[in-house]
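Number 366 in the numbering used here belongs to position 364 of the sequence shown; there are no gaps in the numbering.
No residue lacks a Cβ here, since even glycine has one placed at the ideal position from N, Cα and C.
Just so it is clear, the structure is predicted and the values come from calculations on it, not from any experiment.
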Amino acid sequence: MKANDKSADVIIIGGGIMGCSTAYRLAKEGVSVLVLEAKEIGNGGSSRNAGGVRQSARDIRELPLAMYAVSNIWPTLSEELDIDVEYVQNGNLRLGKTEAHVTALTNLVKKSTSVGLDVRMITGNEAREICPYMSDEVLGASWCPSDGHANPLHTTLGFYKKALEYGATFATGIQVFGLQKVKGRVRQVVTDDGIYEAQHILLCAGHASRAIANTVGIDIPVERETSEVFVTEQMKPMFGQMLGTSDADFYGHQSAHGSFVLGGMGGLEKFTSNYYGDETHNVTLPKLSRGVIKYFPDLANVKIIRSWAGQYDVCADGVPVIDNVSEVPGLTIAFGFCGHGFGIAPAVSIALCELIMKGKSETIDISKLNYDRFAAKG
Ligand SMILES: Cc1cc2nc3c(=O)[nH]c(=O)nc-3n(C[C@H](O)[C@H](O)[C@H](O)COP(=O)(O)OP(=O)(O)OC[C@H]3O[C@@H](n4cnc5c(N)ncnc54)[C@H](O)[C@@H]3O)c2cc1C
3 MKANDKSADV IIIGGGIMGC STAYRLAKEG VSVLVLEAKE IGNGGSSRNA GGVRQSARDI
63 RELPLAMYAV SNIWPTLSEE LDIDVEYVQN GNLRLGKTEA HVTALTNLVK KSTSVGLDVR
123 MITGNEAREI CPYMSDEVLG ASWCPSDGHA NPLHTTLGFY KKALEYGATF ATGIQVFGLQ
183 KVKGRVRQVV TDDGIYEAQH ILLCAGHASR AIANTVGIDI PVERETSEVF VTEQMKPMFG
243 QMLGTSDADF YGHQSAHGSF VLGGMGGLEK FTSNYYGDET HNVTLPKLSR GVIKYFPDLA
303 NVKIIRSWAG QYDVCADGVP VIDNVSEVPG LTIAFGFCGH GFGIAPAVSI ALCELIMKGK
363 SETIDISKLN YDRFAAKG
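Okay, structure coming up:
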């Protein structure tokens with residue numbers, strides 16, 4: 003759907019959860035916002051992810067966003083958006099089967115507790131008390147009781163609907179090619195539908211952001227990766243925690259209606275011919291299924307009813323760039339969220355709203371997510 007007016011105070015490039023949630027917050031503040039989306043709203047990783055809302059096992063540079071989101075936004079987000087985002091806060095277990103796994107998990111726990119997160123190591127038996135269907139092979143786990151999961155599609159579209167209610171405009175099927183400066187300030191967005199104009203531009207188009215930023219001389223080391231999710235038939239309620247493993251065999255949870263939503267990567271996808279597509283890969287599901295069964299033998303005969311692939315943008319040092327670009331006044335960037343942007347998105351949008359309206363993020367410390375951390379030093 004094209005926009006009648008090709009100008010706004012703020013143009014947001016990318017209609018994923020970052021774009022929709024920031025459009026909502028800006029529109030609520032009375033800012034005129036236009037979102038340009040190449041395909042459909044939520045077409046990218048934002049509606050294809052596994053719904054993990056996790057603080058544990060995050061890089062501590064990203065933890066202020068995750069902790070803020072869990073403490074202040076997720077518990078009341080359904081009411082705020084008038085849609086059930088299916089948020090469940092039953093904790094996160096990250097499982098280890100070897101001494102090496104337990105050591106790696108212990109190191110992650112130490113880093114997280116150093117900045118105040120309530121997460122601790124527990125034994126295999128303690129983990130089995132929390133989640134009795136787990137195999138005896140689990141030696142230990144990290145346990146973060148305030149972590150959880152939510153429904154990515156509902157959340158992304160919930161932000162979209164609220165943004166619309168507050169007057170934001172969304173134009174879909176508009177492919178952005180690049181940006182142009184006018185009198186030293188970024189002003190124009192070049193698209194397959196001509197030139198759009200704004201006082202301020204937010205670039206949050208996932209892995210496509212790098213090439214778009216390149217058009218105004220900014221290069222951030224981001225590449226794309228593919229991951230897959232599958233959904234099983236409905237099962238009796240077995241566990242409510244979000245699960246992951248030290249060895250990244252799989253991640254996921256059981257949804258409210260009984261299906262398991264599980265995901266991960268097989269490891270060989272890069273060597274397939276369709277790696278950069280949205281199709282699933284024949285090397286992935288068998289590997290993930292074997293991983294799940296090792297930890298949860300009771301799931302050996304559960305039927306998989308559907309699966310999908312999604313892509314995300316991986317930044318060279320594992321955390322995103324969320325910043326105003328000083329060389330390009332008027333440009334804010336937010337990409338490189340890797341496989342963990344969904345859980346922090348409600349907080350990222352507060353930081354982005356402040357970056358755009360006040361020039362700095364006041365509520366949440368994002369100082370370690372600056373874009374110029376990759377600049378040559380010395
Ligand atoms: C399979 C999978 C599982 C995941 N699991 C989790 C999880 O459990 N927990 C978690 O926290 N995170 C998870 N993630 C990561 C999370 O989904 C992302 O970090 C998050 O959705 C990023 O949101 P975004 O809005 O930045 O990007 P996206 O959702 O990718 O949105 C970017 C949008 O930009 C549009 N676009 C691209 N190019 C252009 C262009 N040229 N012009 C206009 N528009 C353009 C795209 O079509 C897309 O809609 C997972 C991701 C995947 C793929």
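The straight-line gap separating the alpha-carbon atoms of Val327 and Ser137 is approximately 49 Å.
In this structure, Gly21 places its C-beta atom within 7 Å of the C-beta atom of Val37.
The beta carbons of Ser58 and Asn109 sit no closer together than 7 Å. Short of 7 Å from the beta carbon of His259, and not among the five residues preceding or following it, lie these beta carbons of its own chain, in chain order: Gln236.
For Leu107 and Ala71, the gap between their C-alpha atoms comes out near 23 Å.
For the pair Leu67 and Val117, the CB atoms are not nearer than the 7 Å cut-off. Ile19 is positioned such that its CB atom lies closer than 7 Å to that of Ser48. Three or more Cβ pairs drawn from the region 26-34 and the region 348-355 lie within less than 8 Å of each other, which places the two stretches in contact. Shortest gap from the CB of Tyr70 to any heavy atom of ligand 1: 6 Å or more. Inclusion of Phe252 and Val294 in the CB contact set at 7 Å is warranted, their separation being smaller than that value. In its chain, beyond the 5 residues on either side, Lys99, Lys296 have a beta carbon closer than 7 Å to the beta carbon of Glu139.
Relative to ligand 1, Cys146 has its C-beta separated by 6 Å or more from all heavy atoms. For Gly93, the distance from the CB to the nearest heavy atom of ligand 1 is not below 6 Å. C-alpha of Val90 to C-alpha of Lys163: approximately 22 Å in a straight line. Here DSSP, grouped into helix, strand and coil, assigns Thr274 to coil. In the displayed model, Ile214 falls within a helix according to three-state DSSP. DSSP places Ser309 within a strand segment (E or B) once states are collapsed to three. With distances taken between CA atoms, Glu81 lies nearest to Gly160 out of Asp7, Gly345, Lys112, Gly160. In terms of Cα proximity to Phe179, the closest of Arg122, Asn216, Thr125, Gly246 is Asn216. Rounded to the nearest whole angstrom, the CA to CA distance from Trp310 to Pro154 is 14 Å. At a threshold of 6 Å, Val231 counts as near ligand 1, since its beta carbon sits closer than that to one of the ligand's heavy atoms.
In the assembly as shown, Ile197 is an exposed residue. Its beta-carbon has fewer than 16 other beta-carbons within 10 Å. A direct Cα-to-Cα measurement between Val224 and Leu333 gives close to 18 Å. Annotation for Thr24: the continuous alpha helix (DSSP H) segment containing it runs 19-30.
Contact check for Gly269 against Gly254 fails: the beta carbons are separated by 7 Å or more. With respect to Ile335, Val323 sits close: the two C-beta atoms are nearer than 7 Å. Linking Glu131 to Asp195 through their CA atoms gives a straight-line distance of about 57 Å. Contact between Thr282 and Glu199 fails: their C-beta atoms lie close to 40 Å from each other, not under 8 Å. Non-local C-beta neighbours of Met69 in its own chain, meaning closer than 7 Å and more than five positions away in sequence, comprise Gln57, Leu119, ordered along the chain. In this structure, the alpha-carbon of Gly175 lies about 44 Å from that of Cys133. By the criterion of a C-beta distance shorter than 6 Å, Ala318 is surrounded in its chain by Pro223, once the five residues flanking it on both sides are discounted. The residues Glu356, in chain order, have a CB closer than 7 Å to that of Lys362 in the same chain once the five nearest residues on each side in sequence are set aside. Taking 7 Å as the cut-off, the Cβ atoms of Ala170 and Val316 do not count as close.
Checking the 6 Å criterion, the Cβ of Phe161 is out of range of every heavy atom belonging to ligand 1. The bridge partners DSSP lists for Ser144 are Arg96, Met123. Taken through DSSP and simplified to helix, strand or coil, Ser49 comes out as helix.
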